[in-house]
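Residue numbering for the sequence shown follows the working numbering, beginning at 1 and increasing consecutively.
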Amino acid sequence: MNLIETKPLVFTAQSKKTFFMRMLICKYVFEHGKIPLNPFNTFGYFLYELVDRDFIRNANNNLIARCDEVWFFGDIADGCVFEIEYAMKLKKKIAFYKMDSTYQSIQPCLVDDLIFENEITTDIEKLKQKIKAYQQI
Numbered sequence: 001m002n003l004i005e006t007k008p009l010v011f012t013a014q015s016k017k018t019f020f021m022r023m024l025i026c027k028y029v030f031e032h033g034k035i036p037l038n039p040f041n042t043f044g045y046f047l048y049e050l051v052d053r054d055f056i057r058n059a060n061n062n063l064i065a066r067c068d069e070v071w072f073f074g075d076i077a078d079g080c081v082f083e084i085e086y087a088m089k090l091k092k093k094i095a096f097y098k099m100d101s102t103y104q105s106i107q108p109c110l111v112d113d114l115i116f117e118n119e120i121t122t123d124i125e126k127l128k129q130k131i132k133a134y135q136q137i
């Protein structure tokens, strides 16, 4: 293995409901030849409330800006909706993966098959159309 080989950096976005899967998500990215940057591994859950949450949101957005790709795992949470739109604005490659509670369950997911959490206030169908149009560019 070449220990100084440059590989794409992937921001891994996920719901707090799948916090327990963060290490398996990183394993998945590594096994696909890329370097994971998981915000839950970097900051925990909002740095355990030691700083204002907006500092963490800003840090996450800075990480997205520096990554090559943004991958979304599991159900789409309200924070992930912003991250999807921000990644598209920055012209990042985006990908979606469905999963349940096991590593073996992680599989690529089509936009039409995305599941959104109940708290989402965004027009989901409009967002899906935006994502599809973006992925065709």
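Every residue, glycine too, gets a C-beta built ideally from N, C-alpha and C.
Please read all numbers here as calculations on a predicted model, not as lab measurements.
CB contact flag (residue i, residue j, <8 Å)
i, j, result
"I106", "I94", "no"
"D75", "F116", "yes"
"L114", "K128", "yes"
"D68", "V10", "yes"
"Y45", "I64", "no"
"K27", "Y134", "no"
Supposed close pair residue i, residue j - CB separation, criterion 8 Å
i, j, result
"A59", "K16", "Actually they are not in contact, since the Cβ atoms of A59 and K16 sit about 16 Å apart, beyond 8 Å."
"L37", "T12", "7 Å"
"K7", "I35", "5 Å"
"F72", "F96", "5 Å"
"I120", "V70", "Between V70 and I120 the Cβ distance is about 18 Å, and since that is not below 8 Å, they are no contact."
Residues bridged to residue i (per DSSP)
i, result
"I94", "V70"
"I76", "F116"
"L3", "The partner list for L3 (beta bridge, DSSP) is empty, contrary to what the question assumes."
"Q14", "F73"
"P108", "Y97"
"L127", "DSSP, once it has assigned bridges, lists no residue as partnering L127."
"L9", "I35"
(message) If we require 4 or more residues per run, which alpha helix (DSSP H) segments fall completely within the region 34-63?
(response) 39-43
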